[in-house]
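Contents: one structure, followed by commentary.
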Amino acid sequence: MARLYEFQGKKLFMKFGIPVPLGEVVGSEDDVQSVLKTISEPLMVKAQVLSGKRGKAGLIQSAQQREEALSISKELLGKKVRYGRVEKLLIEEQLQIENEYYLGITSDPSKRQPVIIFSKSGGVDVEELSENKDNLHKKYVNILKGIEPEEIAQFLKEIDSWSKKDLESLGAIVIKLYTLYREMDCRLAEINPLVVTAKGFFAADARVDIDDDAIFRHRDLGIDVAEETGERPPTLLEISASRIDDGDHRGVVHFVQIDPDMSVTRERGLIPIGFDCVGTGTSLVTMDELLNYGYFPINFADTSGNPTASKMYRATKIILSQPNIKGYIFVSCVSSQQLDNTARGIIKALKELYSATDGKPNIPMIFSFRGWLDEIAIQLYEQHGISKSPLVRMLGRNSTELEAVQLFDSTYKQWAQKQNRKGA
Amino acid sequence: MKSRALDFEIMTGRIIIDLGKCIGCKTKACVEACAAKIFKTEGQEVTLNMTREAIKKGGCTETIACELECQLRGNGALKIVFPMPELDQYIEEMKKKGTRVVYEY
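Protein chains in written order, with the working numbering: chain P, 85 to 508; chain C, 8 to 112.
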C-alpha cells in the first residue's frame, strides 16, 4: 500500500472536513522563517518521514517560541534518519489538549468488512492499544449500505457518555473519516491522537494508506510507487519498476529493494544476488533457501500472472542494474503462464546488457523454468547461445527451489574461485 | 544514404524495422514468429497486417518473438525499443557517483 506523509494525510482531512491544526509544510530554512510569521506560539515542529515513533526519535518537538522553533527546524532539516534524510517539516500551532482518543478505519479481512476502531486512549502506539481489548471498540460496516449518523451515535454512546455537542462533533468526524476511507480507496485512515481542545476536536496526526491497486485513481496525490517500501521513500529503481504495470494489466511485476544500500548484506557477511521468481510462494521458499547458503537476495521480485515479454525485459534490466550483485537467480513456480514469453523478455535484456558477449553474463545465473512452455523457454536460451555460457545453468520442470539454490551455490563457488585466482 | 524504416508504436514501446536490411532477408522470420499476425510480406518487404492504431491498442502482444527470430534467422533488421526513463536516470546518477553496474565490468 502507498503510505502518505502526515502533511498529505492532513491535506486530505481538510478536504473531507476533518479539523486539523493550523500548519504549513516547509523544506528550507527560508520557508521556516516565512511560515513562523504566520503561526502563533507555541508551536510543533514535526519531521515528515514515513517511519513511526517519530516522537520517541526526537523527530517531533514542541517549541514555546518562534526562535526555539527555528532552532529545532534547523536541527531537523537534513537530519539523517534510518532511510535517507528529513527533507520536509510540518510546522503547526500547538494545541491545548484536554483529551486524546484514537480513531481508525481499516479493512478486516477475517470479516471482509471495513471496521471503525475507537479508543479512549489516544496518542499511544496501536500495538499497545490492542493489548487492552477492553479499551478498543470496533464497529463493522456493511460496505454496501455505508454508515448512518444514528448508528455512529449509538456506537459512541456505548463507549462513553458524551455531551450533545461532543457526540455530534465526534460522530461527524467518524463519518467524514469513513467517507475519506472509501473515496480515497484507503487500506487505513487513522487519527492518532484525535484530540479535544476548548475549540473542539482536531486531528493531531494523520495516517493514510492508499490501496496499491487504486493508485491509478489518485494521480493527484503524486504517489510514486504503490509497492510497500516500509518506512522509506521508494528508490529510483522501484519507481522505474512501478511504471511497468502502468496502464498495462497483462501480468504483474512486483519489485522491492530489500537492501538498497547493501548495509544488511555487509553487516551479515552475506553475498548479494539479484532475484526474480514467478509466484510469491516460490519467491519466499527460494529466498529462505538462499539465506541458508549464505546468499542475500537484495531485492524481492515476483513477475507473474502471465506478464508480457516486454514486462519481463524491463523487470530483468532493473534487477540486474542493482550494483555489486554477485549473481542472479530466476525460479518459476510450476506456472500456467507462457514461460516462452518470460524467457524472451529475459533474453532480450541479457543481450542488451551484455551486448559484447551476445547475452552471456559475467556473473553466475540460474534459470529454472517449470510449467507451461517450459521446454520452449529452455530451448530459446540454447538457440540464442546464452545457456552455452559456463556461468549460466538451466533447470526444468522436475527441479525444486532447493536444487536451484544448490546449483547456484556450486556455480558461484567455481566462479568465485576463478575470480580469486585472477585477483579480482 | 539513409535507410528506409518501418517505424510504429506498440502498447509500451516501438518497433523499428530497417527496410534496407529487411529487403534482403530470405526467411522473413518475423512474420512467421508473430502469433498476433501483425506483419505480412509485400514483395520483398515486411509490412503491417493491421492498422497502426490496432497494433498500439494491443494488437501487438509484445512477445518479442519477432526481434529474437529476426536476430536468429533473419537479417537483424528489426529492433524493439521499450523506454525506461527512470532506469536511465538511475544509471546516469550511478555514473556520476562513479558506481558501475555489474554488467559494465
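Yeah, the Cβ is synthetic: ideal placement off N, Cα and C, and Gly gets one too.
Alpha carbon of residue i to alpha carbon of residue j, nearest angstrom
{"i": "glycine 469 (chain P)", "j": "glutamate 16 (chain C)", "result": "29 Å"}
{"i": "valine 369 (chain P)", "j": "leucine 457 (chain P)", "result": "23 Å"}
{"i": "lysine 164 (chain P)", "j": "lysine 260 (chain P)", "result": "36 Å"}
{"i": "isoleucine 227 (chain P)", "j": "threonine 263 (chain P)", "result": "11 Å"}
{"i": "serine 135 (chain P)", "j": "glycine 66 (chain C)", "result": "45 Å"}
{"i": "asparagine 446 (chain P)", "j": "proline 277 (chain P)", "result": "54 Å"}
{"i": "serine 519 (chain P)", "j": "phenylalanine 451 (chain P)", "result": "Any answer about residue 519 (chain P) is impossible in this case: the structure gives chain P only from 85 up to 508."}
{"i": "leucine 75 (chain C)", "j": "leucine 354 (chain P)", "result": "36 Å"}
{"i": "isoleucine 231 (chain P)", "j": "leucine 179 (chain P)", "result": "30 Å"}
{"i": "asparagine 383 (chain P)", "j": "threonine 190 (chain P)", "result": "29 Å"}
{"i": "lysine 223 (chain P)", "j": "valine 415 (chain P)", "result": "44 Å"}
{"i": "valine 225 (chain P)", "j": "arginine 87 (chain P)", "result": "23 Å"}
{"i": "leucine 320 (chain P)", "j": "methionine 91 (chain C)", "result": "11 Å"}
{"i": "glutamate 184 (chain P)", "j": "isoleucine 275 (chain P)", "result": "10 Å"}
{"i": "proline 448 (chain P)", "j": "leucine 475 (chain P)", "result": "5 Å"}
{"i": "asparagine 425 (chain P)", "j": "glutamate 322 (chain P)", "result": "23 Å"}
{"i": "phenylalanine 453 (chain P)", "j": "phenylalanine 202 (chain P)", "result": "50 Å"}
{"i": "lysine 137 (chain P)", "j": "threonine 400 (chain P)", "result": "36 Å"}
{"i": "phenylalanine 97 (chain P)", "j": "lysine 229 (chain P)", "result": "23 Å"}
{"i": "aspartate 192 (chain P)", "j": "proline 198 (chain P)", "result": "6 Å"}
{"i": "lysine 340 (chain P)", "j": "proline 126 (chain P)", "result": "Checking the sequence, you will find valine at residue 340 (chain P) rather than lysine. Valine 340 (chain P) and proline 126 (chain P): Cα-Cα distance of roughly 41 Å."}
{"i": "leucine 160 (chain P)", "j": "alanine 131 (chain P)", "result": "7 Å"}
{"i": "aspartate 297 (chain P)", "j": "lysine 64 (chain C)", "result": "22 Å"}
Per-residue DSSP class, three states only, for residue i
{"i": "leucine 264 (chain P)", "result": "helix"}
{"i": "serine 253 (chain P)", "result": "helix"}
{"i": "serine 155 (chain P)", "result": "helix"}
{"i": "alanine 508 (chain P)", "result": "Note on alanine 508 (chain P): pLDDT 46, under 50, position unreliable in the model; no value is reported."}
{"i": "aspartate 442 (chain P)", "result": "coil"}
{"i": "arginine 107 (chain C)", "result": "coil"}
{"i": "valine 292 (chain P)", "result": "strand"}
{"i": "threonine 34 (chain C)", "result": "coil"}
{"i": "alanine 393 (chain P)", "result": "helix"}
{"i": "valine 165 (chain P)", "result": "coil"}
{"i": "proline 92 (chain C)", "result": "helix"}
{"i": "valine 56 (chain P)", "result": "Residue 56 (chain P) is absent from the model: chain P starts at 85 and stops at 508."}
{"i": "threonine 426 (chain P)", "result": "helix"}
{"i": "alanine 287 (chain P)", "result": "strand"}
{"i": "leucine 106 (chain P)", "result": "coil"}
{"i": "phenylalanine 239 (chain P)", "result": "helix"}
{"i": "lysine 102 (chain C)", "result": "helix"}
{"i": "tyrosine 412 (chain P)", "result": "strand"}
{"i": "threonine 364 (chain P)", "result": "helix"}
{"i": "methionine 98 (chain P)", "result": "helix"}
{"i": "glutamate 60 (chain C)", "result": "helix"}
{"i": "aspartate 332 (chain P)", "result": "coil"}
Neighbour-count burial assignment, residue i, 16 or more Cβ in a 10 Å radius
{"i": "lysine 249 (chain P)", "result": "exposed"}
{"i": "histidine 333 (chain P)", "result": "exposed"}
{"i": "serine 247 (chain P)", "result": "exposed"}
{"i": "glutamine 498 (chain P)", "result": "exposed"}
{"i": "tyrosine 110 (chain C)", "result": "buried"}
{"i": "alanine 508 (chain P)", "result": "Residue placement at alanine 508 (chain P) is poorly supported in this model, since its pLDDT is 46, which falls under 50; the coordinates still yield a value, given next. Burial call: exposed."}
{"i": "glutamine 422 (chain P)", "result": "buried"}
{"i": "arginine 169 (chain P)", "result": "exposed"}
{"i": "methionine 268 (chain P)", "result": "buried"}
{"i": "aspartate 329 (chain P)", "result": "buried"}
{"i": "threonine 387 (chain P)", "result": "buried"}
{"i": "threonine 70 (chain C)", "result": "buried"}
{"i": "phenylalanine 300 (chain P)", "result": "exposed"}
{"i": "arginine 11 (chain C)", "result": "exposed"}
{"i": "serine 245 (chain P)", "result": "exposed"}
Inter-residue CB distance, residue i and residue j (contact presumed, cutoff 8 Å)
{"i": "tyrosine 397 (chain P)", "j": "lysine 432 (chain P)", "result": "5 Å"}
{"i": "valine 489 (chain P)", "j": "tyrosine 377 (chain P)", "result": "6 Å"}
{"i": "alanine 325 (chain P)", "j": "valine 336 (chain P)", "result": "Going by Cβ atoms, the distance from alanine 325 (chain P) to valine 336 (chain P) rounds to 11 Å, so no, they are not a contact pair."}
{"i": "serine 405 (chain P)", "j": "tyrosine 97 (chain C)", "result": "7 Å"}
{"i": "glycine 20 (chain C)", "j": "isoleucine 87 (chain C)", "result": "6 Å"}
{"i": "cysteine 417 (chain P)", "j": "glycine 363 (chain P)", "result": "3 Å"}
{"i": "aspartate 360 (chain P)", "j": "alanine 393 (chain P)", "result": "Wrong, their Cβ atoms sit about 14 Å apart, outside the cutoff."}
{"i": "proline 344 (chain P)", "j": "isoleucine 409 (chain P)", "result": "With a Cβ gap of about 12 Å, proline 344 (chain P) and isoleucine 409 (chain P) do not count as contacting."}
Per-residue contacts from residue i into chain D (C-beta, under 7 Å)
{"i": "glutamate 69 (chain C)", "result": "In the displayed structure, chain D is absent; the protein chains listed are P and C."}
* Asked: Per the contact definition of three or more C-beta pairs closer than 8 Å, is the region 43-56 of chain C in contact with the region 94-103 of chain C?
  -> no
* For the region 115-122 of chain P against the region 275-288 of chain P, are there 3 or more C-beta pairs whose distance is under 8 Å? -> no
* On the three-pair Cβ rule with 8 Å, is the region 134-149 of chain P touching the region 104-113 of chain P? -> no
* Count the CB pairs spanning the region 145-161 of chain P and the region 88-100 of chain P that are closer than 8 Å, and state whether there are at least three. => no
* Asked: Three or more C-beta pairs closer than 8 Å, one from the region 357-371 of chain P and one from the region 474-481 of chain P: is that the case here?
  -> no
* Tell me, please, whether the region 18-28 of chain C touches the region 73-90 of chain C by the rule of three or more beta-carbon pairs shorter than 8 Å. => yes
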